[in-house]
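>
Protein chains: 2
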Amino acid sequence: MARMNPDDRREAIIEATLEVVRRRGIGGTTVRDVAAELGTSSGLIHHYYASMDELLAQAFARVAGDDLDAVVAAVRAEVTPLDQLRAVLDAYSRSEDPDGMQVWLDAWSEAARRPELQQRSRELNEQWQQLLSTLLRTGVESGQFVVTDVDAAAWRILAILDGLLLQVVAHADVITRAQADQWAREAVEREVGISAGSLTQSEGRMSPSSNA
Amino acid sequence: MARMNPDDRREAIIEATLEVVRRRGIGGTTVRDVAAELGTSSGLIHHYYASMDELLAQAFARVAGDDLDAVVAAVRAEVTPLDQLRAVLDAYSRSEDPDGMQVWLDAWSEAARRPELQQRSRELNEQWQQLLSTLLRTGVESGQFVVTDVDAAAWRILAILDGLLLQVVAHADVITRAQADQWAREAVEREVGISAGSLTQSEGRMSPSSNA
DNA sequence: ACGCCTATTGCGCATTCGTCCAATAAGGCT
DNA sequence: AGCCTTATTGGACGAATGCGCAATAGGCGT
Chain A
44 MARMNPDDRR EAIIEATLEV VRRRGIGGTT VRDVAAELGT SSGLIHHYYA
94 SMDELLAQAF ARVAGDDLDA VVAAVRAEVT PLDQLRAVLD AYSRSEDPDG
144 MQVWLDAWSE AARRPELQQR SRELNEQWQQ LLSTLLRTGV ESGQFVVTDV
194 DAAAWRILAI LDGLLLQVVA HADVITRAQA DQWAREAVER EVGISAGSLT
244 QSEGRMSPSS NA
Chain B
44 MARMNPDDRR EAIIEATLEV VRRRGIGGTT VRDVAAELGT SSGLIHHYYA
94 SMDELLAQAF ARVAGDDLDA VVAAVRAEVT PLDQLRAVLD AYSRSEDPDG
144 MQVWLDAWSE AARRPELQQR SRELNEQWQQ LLSTLLRTGV ESGQFVVTDV
194 DAAAWRILAI LDGLLLQVVA HADVITRAQA DQWAREAVER EVGISAGSLT
244 QSEGRMSPSS NA
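As they're listed, the protein sequences go chains A and B.
The numbering used here applies: residue 44 is where the first sequence begins, and numbers increase by one.
The numbering used here applies: residue 44 is where the second sequence begins, and numbers increase by one.
What follows is the structure, given as structure tokens:
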């Protein structure tokens with residue numbers, strides 16, 4: 044393999060790792076698989092990542108961090124809390140392919156056995172929690188939302204979204220994604236005390252990138 | 044180890060497997076671990092279960108079925124829909140040790156790659172869904188619950204409970220179990236249109252006038 | 001009491017894993 | 001050109017895995 048800039052190499056390794064993880068799952072990913080996917084040797088992987096645990100944690104942090112960044116950007120692009128909340132749900136519902144969501148399930152499952160993964164997962168969860176909490180708080184302060192306990196509401200919304208993701212990934216053909224998405228929206232509407240349908244997708248307002 | 048009736052031995056192996064799975068997770072369970080837990084040899088395990096996959100699948104089917112049976116029994120023991128709903132939440136919140144819940148996460152994660160697990164997981168999910176749906180329907184018919192879409196409500200409740208389970212298992216020290224449990228109860232109360240506190244687990248049926 | 005069936009043992013085999021390391025090659029610098 | 005840093009290789013190593021198998025022992029029918 045051609046010599047490469049260290050930063051680019053690290054990046055390439057992460058991408059190759061994610062490709063394998065999507066196919067085999069976190070628990071089924073080996074160093075040799077990643078090396079083969081990249082077309083290099085296994086030793087090179089360890090030259091850049093001290094342990095397999097660290098590599099998997101960084102790969103997960105990468106894909107999860109991208110998701111979070113996308114949502115943060117989508118929220119920042121809106122002004123009213125209602126539009127921001129809708130942006131969060133839109134981003135969540137159209138977030139990548141089903142294989143990408145499988146990574147989350149794997150991460151939660153493997154967190155108990157991989158310390159670094161658990162640490163990353165926890166950090167990201169807290170950031171989601173904070174994003175939603177501040178969003179709800181501004182909505183309450185401006186009088187658009189009616190929420191008695193902001194933290195509790197933020198947590199419940201996260202639980203609903205995680206539950207949606209779980210059902211769609213694990214039991215794909217029992218529940219359609221669109222249906223789950225709609226039901227999640229109704230739950231959130233009730234949670235923040237706005238009228239039904241307020242959060243329905245793209246109501247007179249189209250998101251800039253419509254393709255997936 | 045003393046010679047044992049084949050049926051009893053198979054049962055003992057399943058129980059030992061579950062004990063190990065609760066501690067190490069599905070992916071981290073080995074034949075030797077099960078044998079050690081049982082106090083026998085690894086060869087014995089293979090004498091009764093042809094492969095490790097078969098053993099794990101049967102063990103999961105067993106524990107998941109037990110959980111469901113326990114909830115069904117708890118529901119049957121109550122008469123009013125409100126008490127039944129409370130029974131479901133009680134059973135869910137006190138279902139075994141936190142380590143036992145790790146099994147569900149593992150199962151969901153591996154479902155995508157192991158057809159037997161996915162099939163079993165799907166069946167159980169549908170049974171939970173049906174249990175909740177009929178429970179809610181009778182509550183609506185008797186006028187105690189106010190629910191516009193029973194199926195949607197049942198699904199949302201399941202999503203909340205799964206989300207609760209997920210957070211507690213994956214991020215144990217970020218959120219306390221009691222707190223998550225309380226928040227889930229509040230969500231369910233809102234979902235079925237009953238006053239706050241109605242589902243608080245307490246032996247004495249308090250009048251639904253207490254606040255949070 | 002004897003013999004047969006099989007539950008049970010304990011080790012070995014082949015494989016695969018993460019990790020490590022000495023050797024090699026590539027490319028920038030003087 | 002020569003050198004020197006380091007990206008890259010490819011295999012070795014030890015541990016751990018699922019599984020197979022020959023040997024052992026416990027107990028029931030006769």
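No residue lacks a Cβ here, since even glycine has one placed at the ideal position from N, Cα and C.
Distance check for TRP171 (chain B) and LEU111 (chain B), CA to CA, integer angstroms please.
Mapped onto the second sequence, residue 111 (chain B) falls at position 68. Mapped onto the second sequence, residue 171 (chain B) falls at position 128. Their Cα atoms are separated by approximately 7 Å.
> Could one say the Cβ of LEU111 (chain B) lies closer than 8 Å to chain A's Cβ atoms, at least one of them?
Along the second sequence, read from residue 1 onward, the residue named residue 111 (chain B) stands at position 68. No, no contact with chain A.
> Quick one: Cα of VAL183 (chain B) to Cα of ALA215 (chain A), how far?
Counting from 1 along the second sequence, the entry for residue 183 (chain B) is found at position 140. Counting from 1 along the first sequence, the entry for residue 215 (chain A) is found at position 172. Approximately 29 Å, taken between the alpha carbons.
> Cβ atoms of LEU125 (chain B) and ILE33 (chain B): under 8 Å apart, would you say?
Residue 33 (chain B) lies beyond the residue range present for chain B, which begins at 44 and ends at 255; the question has no answer from this structure.
> Taking only the alpha-carbon atoms, compute the straight-line gap between GLU30 (chain A) and THR60 (chain A) and give it to the nearest angstrom.
Look at the range of chain A in this structure, 44 to 255, and you will see that residue 30 (chain A) is not part of it.
> Can GLY134 (chain A) and ALA113 (chain A) be called in contact, C-beta distance under 8 Å?
For the purposes of this step, residue 134 (chain A) is identified with residue 91 of the first sequence, where counting begins at 1. For the purposes of this step, residue 113 (chain A) is identified with residue 70 of the first sequence, where counting begins at 1. Reading off the sequence shown, one finds Ala at residue 134 (chain A), where the question assumed Gly. Yes, the pair counts as a contact, with Cβ atoms nearer than the cut-off.
> Any C-beta of chain B sitting closer than 8 Å to the C-beta of ASP149 (chain A)?
If you number the first sequence from 1, residue 149 (chain A) lands on position 106. Interface residue, yes.
> List, in order along the chain, the chain A residues whose C-beta lies closer than 9 Å to that of LEU178 (chain B)?
Numbered from its first residue, the second sequence carries residue 178 (chain B) at position 135. Those do not exist, as LEU178 (chain B) stays about 18 Å from chain A at its closest Cβ, beyond 9 Å.
> How would you call GLN162 (chain B), buried or exposed, if buried means at least 16 neighbouring beta carbons within 10 angstroms?
If you number the second sequence from 1, residue 162 (chain B) lands on position 119. By the 10 Å Cβ count, GLN162 (chain B) comes out exposed.
> Three Cβ pairs or more, each shorter than 8 Å: is that satisfied between the region 141-148 of chain A and the region 78-90 of chain A?
At 8 Å Cβ cutoff, the stretches do not touch.
> Return the chain-ordered list of same chain residues with a C-beta closer than 8 Å to the C-beta of MET47 (chain A), the five sequence neighbours on each side being excluded.
In the first sequence, counting from the first residue as 1, residue 47 (chain A) sits at position 4. Excluding residues within five positions, the ones whose Cβ falls inside 8 Å are ALA55.
> Is it true that the CB of GLU58 (chain B) sits closer than 8 Å to the CB of VAL217 (chain A)?
Sequence index remark: in the first sequence, residue 217 (chain A) carries index 174 (1-based). Sequence index remark: in the second sequence, residue 58 (chain B) carries index 15 (1-based). Contact: no.
> Quick one: is ARG233 (chain A) near chain B, going by C-beta distance under 8 Å?
Locating residue 233 (chain A) in the first sequence gives position 190, counting from the first residue. Interface residue, yes.
> Starting from VAL189 (chain B), trace the alpha helix (DSSP H) in both directions and tell me its first and last residue.
Here residue 189 (chain B) refers to the residue found at position 146 when the second sequence is read from its first residue. Taken as a continuous stretch (DSSP letters only), VAL189 (chain B) belongs to no alpha helix (DSSP H), as it is neither H nor E.
> Between ALA202 (chain B) and chain A, is any beta-carbon pair separated by less than 8 Å?
For this step, residue 202 (chain B) is matched to residue 159 along the second sequence. Yes, because at least one Cβ of chain A sits closer than 8 Å to the Cβ of ALA202 (chain B).
> Identify, in the order they occur along the chain, each residue of the same chain with its Cβ nearer than 7 Å to the Cβ of GLU80 (chain B), setting aside the five sequence neighbours on each side.
The sequence position of residue 80 (chain B) within the second sequence is 37, counting from 1. Closer than 7 Å at Cβ, skipping near neighbours: ALA59, GLU62, VAL63.
> Along chain A, in chain order, which residues have C-beta atoms closer than 9 Å to that of GLU169 (chain B)?
The residue given as residue 169 (chain B) occupies position 126 in the second sequence. Chain A residues near GLU169 (chain B): HIS214, VAL217.
> Flag this pair as touching only if the region 175-191 of chain A and the region 185-194 of chain B have three or more C-beta atom pairs under 8 Å; answer yes or no.
In short, these stretches do not touch, since the Cβ pair count stays below three.
> Counting only Cβ pairs nearer than 9 Å, list the residues of chain A close to ASP76 (chain B).
To locate residue 76 (chain B), count along the second sequence from 1; it is residue 33. By Cβ distance, chain A contributes nothing, its closest Cβ being about 13 Å from ASP76 (chain B), past 9 Å.
> Which bits of chain A does GLN145 (chain B) rub up against, with CB to CB less than 7 Å?
Numbered from its first residue, the second sequence carries residue 145 (chain B) at position 102. Going along chain A in sequence order, the residues near GLN145 (chain B) (Cβ under 7 Å) are ALA155.
> Does the separation of the CB atoms of ALA155 (chain B) and ALA116 (chain A) fall below 8 Å?
Numbered from its first residue, the second sequence carries residue 155 (chain B) at position 112. Numbered from its first residue, the first sequence carries residue 116 (chain A) at position 73. Not a contact, by the Cβ cut-off of 8 Å.
> Roughly how many angstroms lie between the CA atoms of ALA120 (chain B) and GLN127 (chain B), to the nearest whole one?
In the second sequence, residue 120 (chain B) corresponds to position 77, counting from 1. In the second sequence, residue 127 (chain B) corresponds to position 84, counting from 1. Taking the straight line from one Cα to the other gives about 8 Å.
> State the start and end residues of the unbroken alpha helix (DSSP H) segment that holds ARG129 (chain B).
Start at 1 with the first residue of the second sequence, and residue 129 (chain B) comes out as number 86. Start and end: 124-136.
> Whole angstroms is fine: what's the gap from GLY86 (chain A)'s alpha carbon to ASP51 (chain A)'s?
On the first sequence, residue 86 (chain A) is found 43 positions in, with the first residue counted as 1. On the first sequence, residue 51 (chain A) is found 8 positions in, with the first residue counted as 1. Computed Cα separation, rounded: 17 Å.
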